[in-house]
Structure formats: structure tokens, C-alpha cells
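Undergrad: Positions 1 to 71 (full-length UniProt numbering) are the ones given, in order, by the sequence shown.
Just so it is clear, CB atoms sit at the ideal spot from N, CA and C, and this is done for glycine as well.
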Amino acid sequence: MGRGGRWITEYYPCEDVRPDGEEWLVSLRVADLAWAQRFVLGLGPDATVVAPVDLVERVRQQAGAALGQYS
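Below you can see the structure in the form of C-alpha cells.
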């Protein structure tokens, strides 16, 4: 999580928050991957999904589709 997205640690019940250099590794349990996908995409470049793999793929596909609209 980049600096601009760290606010989520104050508003959502995070399971784990670990500083990793300039970035933070934040674990957040969610019941709905579709919600998590929209949430992460809304954070823009301040968030990178590393797990679960299904969410990584969903975010990658939707972000790629959005970029395709501008080519």
C-alpha cells in the first residue's frame, strides 16, 4: 500500500499491517471479491494486490480493459 492508500487502515478492520520500506503490506479479510476488486481499483496506483490469486487476476483484467479504452 502506498502512502495515499494507507487511510484504509484507519477505516477498515485490517488483519495485519506491516511496513515494508516505503510501502505497507496490508491484509484485509473480505467476503465479496467483487467488492474487493472495485475497492482496490478505486485506490489506483496506491494499491497492489498480491493475494489471493483470483483477485489479482480480476484486478489485472479489469485494469487492462480500462487501459484498452484509451489506446
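So what does DSSP say about W7, is it helix, strand or coil?
TA: Residue numbering aside, residue 7 sits at position 7 when the sequence shown is read from its first letter. Three-state DSSP puts W7 in coil, outside helix and strand.
Undergrad: Measuring straight from C-alpha to C-alpha, what distance separates S27 and S71?
TA: Start at 1 with the first residue of the sequence shown, and residue 27 comes out as number 27. Start at 1 with the first residue of the sequence shown, and residue 71 comes out as number 71. S27 and S71: Cα-Cα distance of roughly 34 angstroms.
Undergrad: Do L33 and R58 count as a contact pair if the criterion is CB distance below 8 angstroms?
TA: As a first step, residue 58 is located in the sequence shown; it is residue number 58 there, counting from the start. As a first step, residue 33 is located in the sequence shown; it is residue number 33 there, counting from the start. Taking the C-beta atoms as reference points, L33 is found nearer than 8 angstroms to R58.
Undergrad: Relative to the alpha-carbon of Y11, which residue among A51, G21, F39 has its alpha-carbon at the smallest distance?
TA: Along the sequence shown, read from residue 1 onward, the residue named residue 11 stands at position 11. The shortest C-alpha separation from Y11 is found at F39.
Undergrad: Does the beta-carbon distance from Q5 to L43 come in below 8 angstroms?
TA: To locate residue 5, count along the sequence shown from 1; it is residue 5. To locate residue 43, count along the sequence shown from 1; it is residue 43. It is Gly, not Gln, that sits at residue 5 in the sequence shown. Cβ atoms of G5 and L43: closer than 8 angstroms.
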